Amino acid sequence: MKRYSRLLIITCISYILINLFIHALVSWDNFDQIELDNKITLHIEKNRNDIKTIYNNKFEAINTGERVRAIIPIPKEMHFQYPALCFTTYSCITKIWYDGNLLYSHGEDLAEQGKMIGTLYDSIILPREAIGDSVVLECIATEKGAMSQISNLLLMEAAESSKYPNTGNLIGMLIFTCIFVFSFFLFFILLFLDNKDYIIRLVQRLTLMILSVSVYIISSQGFFHPLVYDFRGLAHIEYISFFFLPIPFALFFYEIYENKILKRVIKLTLGVSTVFFIICTILNYTTVNYHYVFFLPYIHLEMFVGLLVYLSGFFIEAKRKEKEQWVNLVRRGFIVFLILMSIELIQFYIAQKSDAFMFRLTLLPMGIILVIVLFSTGIIMKLVKRVQEIEEKRQLEKLAFTDVLTGLASRTKCYTLIEKIKQENIWEYTIFFIDLNDLKYYNDKYGHNMGDDYIKTMALIMTECFEDSDIISRFGGDEFVVFYLRDIEEKVSSYLETFYEKIKSINDSNIYPFIINAACGVVSSTKENPLEIEVAIASADQKMYENKKLMKEKRT
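Structure (structure tokens):
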């Protein structure tokens, strides 16, 4: 418990430091703008007989039918050619008045249809006569706890107003845009890879999860605004991506866990999340009585329960995987993320009734970044471990399947090929059985170093002469086997001729104080005359001994 407490404290401190750092960077004015938040006067109308005037941009949350009228002074001295008033509202009918004339109106038709969306980033070009005077921003709440402050009011050049949603969070936009672009391309690259490999599947699902999260963050923070200026389209992207989030999470954790009961539970949550996502989307586009905001409490509950299930899985499998560091790393990060999400949900509902600062902190993006980093680190750790295991296995196979002296395939590798011929019913092949002459005699007379050099020279000759073979194997101390998994019966004499010519050229150069040579037996299995592999091997071995006997008789 102490470790988790320390981790939570470190996370909170990191959050504060990161926010201070980002605020310091963003404070370098990246956009040409004039802030108006501290210059407005507010009239809060709870009912017709209760109108409250305040000179602060924060107030007690307004509910359905209540309104806020903000008197906004427009500076006379400004260098904008076409000044645009930029503003953010949430679930409100919005109107802008100047000198008793309505300049802008939004949301009345949506409210009548029950299709009011959440956050709206918008702007209006001000008439020249409003400069040096005041305009009125009127917000009429269409939902409970719609607003508790008028903030982020800016004046910008009209041509630059599409950048308005990013004025306060440029660093965040860059971070999540980079994450989105990277995960987007990586995901589609991974789709073309073989998903039979566990690591490939795991990375695919992790990438889909990161991609989904980045789309939601980018849309909810208004980063898509310069590309998609249709606010209803932006709202649909935001809510659809949010309702889709539980699906990639379920897919990812289904791949991680091995416990069968846990997999069934996650499969159930995946089915529920998918059905819920489809229902919400269909209702939103086919009725006027449902919209995404209506389903928010349910999706919050669904995600919270799902995260509890996934977190429980880490504890269920902890003992079996307690030696795997990446599991413990992701588990601890996941606990912090669950805590941050719980705080976010609590503050989401409390913020509708309070304007306290603590309920305006946004912890979820930080928690999402934390999870992305920890999950990615965990997968990288697992991937590194897998690569190490593959490399160790490859080295062991190399030792088992490679002859140390010659570098040719070992006897074990040769038997592996023989098993393949049996299992796959291969009937067309050719076998060369080769045995070095007088190796034991030369070892005794000239030493084993000279004998080893003799073996290596013959191995090199075979590599050159039978380079297009399927395998060249050192079958024993002085025995070699060459396999062709095809019918080369007509070329056998040509191969043998080249082989013995190479041996003759070595002898003619007088490299060794003795004559090198080898006996060879060849057998071919064809469609017309198929042979069982054991029969073919025995026959090739017999022919090799007959050839060795014949060579010995010629020398004597």
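Sequential numbering from -16 applies to the sequence shown in the working numbering. Every residue, glycine too, gets a C-beta built ideally from N, C-alpha and C. These numbers come from a predicted model, not from an experiment.
Same chain, Cβ closer than 7 Å to residue i, five either side skipped, listed in chain order
i: R369; result: I182
i: I230; result: L253, S256, T257 and F260
i: V248; result: V292
i: F458; result: R394, C397 and V464
i: F466; result: L400, Y412, I414, S452, D453 and I454
i: S144; result: A67, C69 and S106
i: E49; result: E28, K29 and A124
Residue environment, residue i, which counts as buried when at least 16 other CB atoms sit within 10 Å
i: F463; result: buried
i: A67; result: buried
i: M341; result: In this prediction, M341 scores a pLDDT of 38, lower than 50, which makes its location untrustworthy; the coordinate-derived value is nonetheless stated afterwards. Looking at its Cβ environment, which holds fewer than 16 other Cβ atoms inside 10 Å, M341 is exposed.
i: R111; result: exposed
i: I193; result: buried
i: A142; result: exposed
i: Y38; result: exposed
i: L533; result: exposed
i: L85; result: exposed
i: K78; result: buried
i: Q371; result: exposed
i: Y222; result: buried
i: L268; result: First, the residue type needs correcting, since residue 268 is Tyr and not Leu in the sequence shown. When all chains shown are included, Y268 counts as exposed.
i: R377; result: exposed
i: D427; result: exposed
i: D61; result: In the sequence on display, residue 61 carries Met and not Asp. Per the 10 Å Cβ criterion, exposed.
i: E529; result: exposed
i: D461; result: buried
i: F232; result: buried
i: K535; result: exposed
i: L109; result: buried
i: V367; result: exposed
i: Y281; result: exposed
i: Q64; result: exposed
i: N493; result: exposed
i: T47; result: exposed
i: L176; result: exposed
i: Q16; result: buried
i: G430; result: exposed
i: E473; result: exposed
i: S88; result: exposed
Cβ shell of residue i (< 6 Å), same chain only, five flanking positions each side left out
i: V506; result: I414, A519, S522 and A523
i: D470; result: E411 and T509
i: T71; result: Y104 and N135
i: I498; result: N490
i: T481; result: C448
i: K22; result: P56
i: T475; result: Checking the displayed sequence, the identity of residue 475 turns out to be Val instead of Thr. The residues are V505.
i: F225; result: Y199
i: E238; result: R184, L185 and R188
i: A442; result: T389 and L391
i: M286; result: P229
Presumed contact (8 Å Cβ cut-off) between residue i and residue j, rounded CB distance
i: L137; j: C69; result: 5 Å
i: L228; j: V196; result: 7 Å
i: G296; j: T252; result: No, G296 and T252 are not in contact; Cβ-Cβ is about 11 Å, not under 8 Å.
i: C503; j: I454; result: C503 to I454, Cβ: 16 Å. No contact.
i: C551; j: T125; result: Look at the range of the chain in this structure, -16 to 539, and you will see that residue 551 is not part of it.
i: V198; j: F163; result: 6 Å
i: W80; j: E121; result: 7 Å
i: W389; j: K439; result: Looking at the sequence itself, residue 389 is Thr, so the reference to Trp does not match. Rounded, the Cβ-Cβ distance is 6 Å, consistent with contact.
i: R394; j: S452; result: So it is not a contact: roughly 16 Å between Cβ atoms.
i: M130; j: V51; result: 7 Å
Spatial neighbours of residue i in its chain, beta-carbon cut-off 8 Å, leaving aside the 5 residues before and after
i: E447; result: K485
i: Y405; result: The residue asked about is misnamed: residue 405 is Lys in this sequence, not Tyr. Cβ within range, chain order: I516.
i: F4; result: Residue placement at F4 is poorly supported in this model, since its pLDDT is 47, which falls under 50; the coordinates still yield a value, given next. Nothing listed; no residue qualifies.
i: E407; result: none
i: K531; result: D418, N420 and A502
i: M527; result: F416, I417, D418, A502, C503 and G504
beta-carbon residue i near the ligand FMN non-hydrogen atom, thresh 7 Å
i: L266; result: The ligand content of the structure shown is nil, which means the ligand FMN is not present either.
Whole alpha helix (DSSP H) runs in the segment 134 to 203 with 4 or more residues, listed along the chain? 153 to 174 and 181 to 203
Under 8 Å: do the segment 111 to 120 and the segment 35 to 42 share three or more Cβ pairs, one atom per stretch? With the rule of 3 Cβ pairs closer than 8 Å, the segment 111 to 120 does not count as touching the segment 35 to 42.
Meets three-Cβ-pair contact criterion under 8 Å: the segment 89 to 96 and the segment 162 to 176: Result no; under three Cβ-Cβ pairs closer than 8 Å.
Can you give, in chain order, each stretch of the beta strand (DSSP E) that sits fully within the segment 444 to 518 and has at least 3 residues? Listed in chain order, they are 454 to 457, 462 to 467 and 501 to 508.
At which residue ranges does the segment 407 to 438 contain complete alpha helix (DSSP H) runs of 4 or more residues, listed in the order of the chain? The segment 407 to 438 contains these whole alpha helix (DSSP H) runs: 422 to 429.
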